[in-house]
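There are 2 protein chains.
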Amino acid sequence: MRIAVIGSGALGLYYGALLQRGGNDVRFLLRSDFDAITARGLTIMSAQGNFHLDQVAGFRAPQEMGEVDLVLVGLKTTANDVLTRLVAPLMQNPACSVLTLQNGLGNEELLADAFGPERVLGGIAFLCSNRGEAGIVHHLGQGSVRLGEFRGGGSARTEQLAVTFSAAGIPCIAVADLCRARWEKLVWNIPFNGLCALTGKDVTEILAVPACRAQVREMMLEVSAGANTQGLSTPLDGATFAEKMLLATDAMDHYRPSMMLDRLAERPVEVQAIYHEPLRRAARCGVTMPRVQLLAALLSLPGSLC
Amino acid sequence: MRIAVIGSGALGLYYGALLQRGGNDVRFLLRSDFDAITARGLTIMSAQGNFHLDQVAGFRAPQEMGEVDLVLVGLKTTANDVLTRLVAPLMQNPACSVLTLQNGLGNEELLADAFGPERVLGGIAFLCSNRGEAGIVHHLGQGSVRLGEFRGGGSARTEQLAVTFSAAGIPCIAVADLCRARWEKLVWNIPFNGLCALTGKDVTEILAVPACRAQVREMMLEVSAGANTQGLSTPLDGATFAEKMLLATDAMDHYRPSMMLDRLAERPVEVQAIYHEPLRRAARCGVTMPRVQLLAALLSLPGSLC
Chain A
34 MRIAVIGSGA LGLYYGALLQ RGGNDVRFLL RSDFDAITAR GLTIMSAQGN
84 FHLDQVAGFR APQEMGEVDL VLVGLKTTAN DVLTRLVAPL MQNPACSVLT
134 LQNGLGNEEL LADAFGPERV LGGIAFLCSN RGEAGIVHHL GQGSVRLGEF
184 RGGGSARTEQ LAVTFSAAGI PCIAVADLCR ARWEKLVWNI PFNGLCALTG
234 KDVTEILAVP ACRAQVREMM LEVSAGANTQ GLSTPLDGAT FAEKMLLATD
284 AMDHYRPSMM LDRLAERPVE VQAIYHEPLR RAARCGVTMP RVQLLAALLS
334 LPGSLC
Chain B
34 MRIAVIGSGA LGLYYGALLQ RGGNDVRFLL RSDFDAITAR GLTIMSAQGN
84 FHLDQVAGFR APQEMGEVDL VLVGLKTTAN DVLTRLVAPL MQNPACSVLT
134 LQNGLGNEEL LADAFGPERV LGGIAFLCSN RGEAGIVHHL GQGSVRLGEF
184 RGGGSARTEQ LAVTFSAAGI PCIAVADLCR ARWEKLVWNI PFNGLCALTG
234 KDVTEILAVP ACRAQVREMM LEVSAGANTQ GLSTPLDGAT FAEKMLLATD
284 AMDHYRPSMM LDRLAERPVE VQAIYHEPLR RAARCGVTMP RVQLLAALLS
334 LPGSLC
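Just so you know, the protein sequences line up as chains A and B, in that order. Heads up: the first sequence begins at 34 in this note's numbering, then just goes up one per residue. Heads up: the second sequence begins at 34 in this note's numbering, then just goes up one per residue.
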């Protein structure tokens, strides 16, 4: 499969490298580390085994990347103002689909408005990785992907893509209800990304304080209530799902969510996709998420990281 | 009037000094600045006029303070574990009343349990002051007091006390509904003390961000809803009152609430009296204050000040 990676951060480089190692023709849009990667290749450091790709097809502009079958989007949503402009040249091939693995809500809609909803797939990545020096990506854990059609429902295309990903070592399933999968991820992302980013505490430190654990749970229930206004195929059982998420998080040893790392590095944080868009969609259906509102407001205070 | 000041911080020293200057026999329980104040007196620095008291009656223990007519409590509520022990020796005079000017809820109850509800008065101080070097208090603004009977209703005693305070230069009125006055103060204290303490931003910086201003307003509405379960003589009109409080705060130029100063100085913060007790009382009457809950939980995270 010919795959263009747009947004070659830790996520795009990691998945792209696995797909290339798995025999696909992967082409990366690169910026700051173009020289390093095209000269010396790409190294993945992982507890599951390090590997190095000698030859990496790097490009400085999407117009130079040629014809591909799939655009894989790993761009931070904070750069979404350039998203469709970067993807457009590749979509001139009418058989090309675009799969966004970005966080939060609203990304598929941006792509659907530009290229047509039938060409858009979305995926939720459960991946912990970050970039080291130029050309090196550290894979810290997990890595599975759940992907589906933006328009909803199953398809041969998503099933085939899940097989391609799985064959490359990326545990992947196709889901019929992408909207539900996105909201399920938000049940975790909304409390933990924001609370950790705001307070500078990791998930273990947050959950160690009983009052905070209780509020994480309440926020999960708020998000589940918001999710259940979005026409999911089957509703989320908020209490059960929250308990499951809390127990899963207990097993994460001092994990620092991406938004916390962004704040610590003084990069912009993905407040629009992870907070404002879910708040807006739930409110439109009559559900207020008060704790989520407060957290989103505090994240929008300039420099309020502890 | 013979007055014992228990808790001679910025508030106790300021009000005590004014009352002494107004002709009352004021006695201060002192700790760290006993030597400085008994040797050199007490200085109030204020835009309304500086003044100095040469002779100040300082004591190291309440047992030494003699018989008084009123105990004025200015102790931080974080020291409430010693409150009744400090006040008890002075209450051996059966004609002595105790007036607590402490923040939040639960202080009158502590005193009422120890000395009988009929001996307890409460007051809400609108005062901005802080301590300078030993023996010097800076009065930054305001200073009025609203006081009332713990048991509710008006009384000749509170009316007389309001006259005594006013004559000493402390604008003071007696209120028939102390509970309502306390909750009115909480409508301001709960959002601003906590948000400023948590984020390290002053009230002007908080209100400058529209999403934060909106959340302050929502928290004020939550507190008003909580207040209106507490048997107030007349209910609070939440929306109108919130608007009034927001406009009043707009006029405060980069004001830093006491809890923010406490956090910055790494002193304990009054979370129990200002958050947990109001949350508990509202919840007992069926009202949840979700944003207040979240803020209280974040304030209980160790070292989460920005």
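From the three backbone atoms N, C-alpha and C, an ideal C-beta is built for every residue, glycine too. Source: prediction; values computed, not measured.
So who's on the other strand from residue i, going by DSSP bridges?
i: D58(A); result: R35(A)
i: C229(A); result: C229(A) pairs with nothing; no bridge assigned.
i: A112(B); result: Answer is none; A112(B) lacks a bridge partner.
i: I206(B); result: R179(B)
i: F84(A); result: I77(A)
Kindly examine the ligand GTP and report whether one of its heavy atoms sits closer than 7 Å to the Cβ of residue i.
i: S79(B); result: You won't find the ligand GTP in this model; it holds no ligand whatsoever.
Following the continuous beta strand (DSSP E) through residue i, name the residue where it begins and the one where it ends.
i: C161(A); result: 153 to 164
i: R179(A); result: 169 to 182
i: S79(B); result: 75 to 79
i: L103(A); result: 103 to 106
i: A90(A); result: 90 to 92
First and last residue of the alpha helix (DSSP H) that includes residue i?
i: T237(A); result: 236 to 240
i: V325(B); result: 323 to 332
i: S130(B); result: Unbroken run through S130(B) is the beta strand (DSSP E), 130 to 133; no alpha helix (DSSP H).
i: L294(A); result: 291 to 297
i: E141(A); result: 140 to 148
i: E310(B); result: 310 to 317
i: R1(A); result: Missing from the structure shown is residue 1(A); chain A here goes from 34 to 339 and no further.
Which chain D residues sit within Cβ distance under 9 Å of residue i?
i: A329(B); result: Absence of chain D from the displayed structure is noted, the protein chains being A and B.
Quick check on residue i: buried or exposed, where buried means 16 or more other Cβ atoms within 10 Å of its Cβ?
i: A330(B); result: buried
i: Q22(B); result: Chain B is shown from 34 up to 339; residue 22(B) falls before or after that span and cannot be answered.
i: Q53(B); result: buried
i: G187(A); result: exposed
i: T232(B); result: buried
i: C212(A); result: buried
i: V196(B); result: exposed
i: A298(A); result: exposed
i: S337(B); result: Because the pLDDT of S337(B) is 49, which lies under 50, any placement of that residue in the model is unreliable, and the number read from its coordinates should be weighed accordingly. Buried is the call here.
i: T273(A); result: exposed
i: H26(A); result: Residue 26(A) is absent from the structure shown; chain A starts at 34 and stops at 339.
i: P290(A); result: buried
i: A284(B); result: exposed
i: Y47(A); result: buried
i: G56(A); result: exposed
i: S130(A); result: buried
i: C161(A); result: buried
i: L280(B); result: exposed
i: A189(A); result: exposed
i: G127(B); result: Reading off the sequence shown, one finds Pro at residue 127(B), where the question assumed Gly. Per the 10 Å Cβ criterion, exposed.
i: A72(B); result: exposed
i: G107(A); result: buried
Whole runs of the alpha helix (DSSP H) within the segment 246 to 289 of chain B, excluding any shorter than 4 residues: 271 to 283
Touching by the beta-carbon criterion (3+ pairs, under 8 Å), the segment 317 to 335 of chain A and the segment 312 to 330 of chain B: yes
The segment 254 to 266 of chain A contacting the segment 34 to 46 of chain B, beta-carbon criterion three pairs below 8 Å: no
Sufficient close CB pairs (3 or more, under 8 Å) joining the segment 71 to 91 of chain A to the segment 108 to 125 of chain A: no
Three or more C-beta pairs below 8 Å linking the segment 246 to 256 of chain B and the segment 128 to 147 of chain B: no
Contact between the segment 119 to 132 of chain B and the segment 90 to 99 of chain B (3+ Cβ pairs under 8 Å): yes
The segment 218 to 237 of chain A touching the segment 199 to 207 of chain A, judged by at least three CB pairs closer than 8 Å: no
The segment 164 to 180 of chain A / the segment 69 to 82 of chain A touching (three or more Cβ pairs under 8 Å): yes
Three-pair Cβ contact test at 8 Å for the segment 59 to 72 of chain A versus the segment 149 to 158 of chain A: no
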